[in-house]
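Some notes on the structure that comes next.
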Ligand SMILES: [Zn+2]
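Right under this line is the structure:
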């Protein structure tokens, strides 16, 4: 049985020509996009009326920590180190697997609700996160966050947790859920651990999900200790390659960006989190484009954003680069939409499968209500894209489809139960913040 998304007012394909179609339909069959155009229903079709709707590819969040939804609003307006050391790390020590599970369910619900269909996550208790994401119907690449203990002891434990998580994902045998290796960062992982991570990724054809150059302090520390910049350091130890997805990448020089380009490194740009934690500076994204680095967009975790709405992140991305460069033409609406869709897919090596509305691709699709007040008017093709980036928000999303399965329609989640999740999160939060 197929699904016919019938008579969409607009279809923003994000295909290589960036075609925007008017009054078009899309047929989904066997979890993939089968036909696009003026289509007539056939008896086997389930029909979704898409009049007054805009169809777009599902958004891709290339960097987040879903379970941190539990910390939302708890520790804001603080210096990064104080935020981490006094607030976040002590809380993280108290997290249980169940808490991470419900936090991840809440994050998955927010993503379903706001049009994100694929995410990249790194955290603890990842078996539980994987179970939650699998249940939600979303697509994900998941990694256990490896942090080398300061005394060197427990390194074995971190590696064991990573390989156990790999086995868990393999046993799930669900094509929507993939494994990545997750060394937390160059300042929390030794060269040896980074090397081990890359080798494991090679062996299992996986990505390496890592935070790089989020703050100036991190670069300064490395320069003091080793006399090199972070990209040089990582290149020297043979770490940089096309499996590396580098979150943040704010404090990079132009030559480090070129090195990323040469080695095929990908970047997850997190403008909201970078601004909120005030690490200073702005990621050199235009230079990354010039160097051929695939750049996706990420929200980062809900403790530093504080939402998971990719529409909000798209707008912020456009604004930060314009403001920073005194150039309104930079990071234009089309390019920013690319970052949240097809470029995001490139940044996680999935551009053949997702990121655009093209025949044969996985049916990860999102419908927005074109008659919501903030979506009116739509003058023409360019305005659709402009509205998506500058005036839409996640709550304009009406329908979310992943792998050909409808997860939400009419703004009502069909797979996850919002009431149940809210109650379970209340219990987790009570356990985490005892009165
Ligand atoms: Zn992060």
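Numbering (this note's numbering), first residue to last: 1 to 435. By construction, the Cβ of each residue, glycine as well, lies at the ideal position given by its N, Cα and C atoms.
Of the heavy atoms belonging to ligand 1, at least one sits nearer than 8 Å to the Cβ of residue 65. About 6 Å separates the CB atoms of residue 146 and residue 193; that is less than 8 Å, so the two are in contact.
Going by beta carbons, residue 252 and residue 268 fall outside the 9 Å limit. Nearest to residue 334 by alpha-carbon distance, out of 317, 326, 323, is 317.
C-alpha of residue 121 to C-alpha of residue 66: approximately 7 Å in a straight line.
In terms of Cα proximity to residue 296, the closest of 164, 351, 39 is 351.
Under DSSP, the beta-bridge partners assigned to residue 247 are 211, 268. Here residue 314 has 336, 340, 389 as same chain residues with Cβ atoms under 6 Å from its own Cβ, once five neighbours each way along the sequence are excluded.
Out of 89, 107, 18, 397, the CA that lies nearest to the CA of residue 308 is found in 107. Contact between the segment 377-385 and the segment 83-93 is absent, with fewer than three C-beta pairs closer than 8 Å. Under DSSP, residue 180 takes part in a beta bridge, and its partners are 143, 207. Set against 8 Å, the gap from the CB of residue 37 to the closest heavy atom of ligand 1 is not smaller. As the crow flies, the alpha-carbon of residue 112 is around 18 Å from that of residue 50.
Membership of residue 294 in any beta strand (DSSP E) is not indicated, and neither H nor E is assigned to it by DSSP. DSSP places residue 91 in the uninterrupted alpha helix (DSSP H) bounded by 89-94. Between residue 239 and residue 195, the C-beta spacing is below 9 Å.
For residue 74, the three-state secondary structure derived from DSSP is coil.
For residue 4, the closest alpha carbon among the candidates 19, 13, 18, 37 is that of 37. With a cutoff of 9 Å on beta-carbon distance, residue 273 and residue 305 are scored as near each other. Residue burial is scored here from C-beta neighbours: residue 127 has at least 16 other C-beta atoms within 10 angstroms and is therefore classed as buried. Assignment of alpha helix (DSSP H) within the segment 355-415, counting only whole runs of 4 or more residues, yields 381-386 in chain order. Under the Cβ criterion (8 Å, minimum of three pairs), the segment 240-259 counts as touching the segment 210-221. Taking the C-beta atoms as reference points, residue 384 is found nearer than 9 Å to residue 20. Around the CB of residue 40, fewer than 16 other CB atoms lie within 10 Å, so the residue is classed as exposed. When rounded, the separation of the alpha-carbon atoms in residue 123 and residue 8 is 38 Å. One alpha carbon belongs to residue 381, the other to residue 104, and they sit about 36 Å apart. If you check the C-beta of residue 247 against ligand 1, you find a heavy atom less than 8 Å away.
The alpha carbon of residue 364 has as its nearest neighbour, out of 130, 396, 407, the alpha carbon of 407. Around residue 69, the same chain offers 103, 106, 107, 302 as residues with beta carbons nearer than 6 Å, after the five sequence neighbours per side are excluded.
Check the Cα spacing between residue 14 and each of 372, 280, 57: the tightest is with 57. With respect to the C-alpha of residue 47, the residue from 433, 409, 418, 434 having the closest C-alpha is 409.
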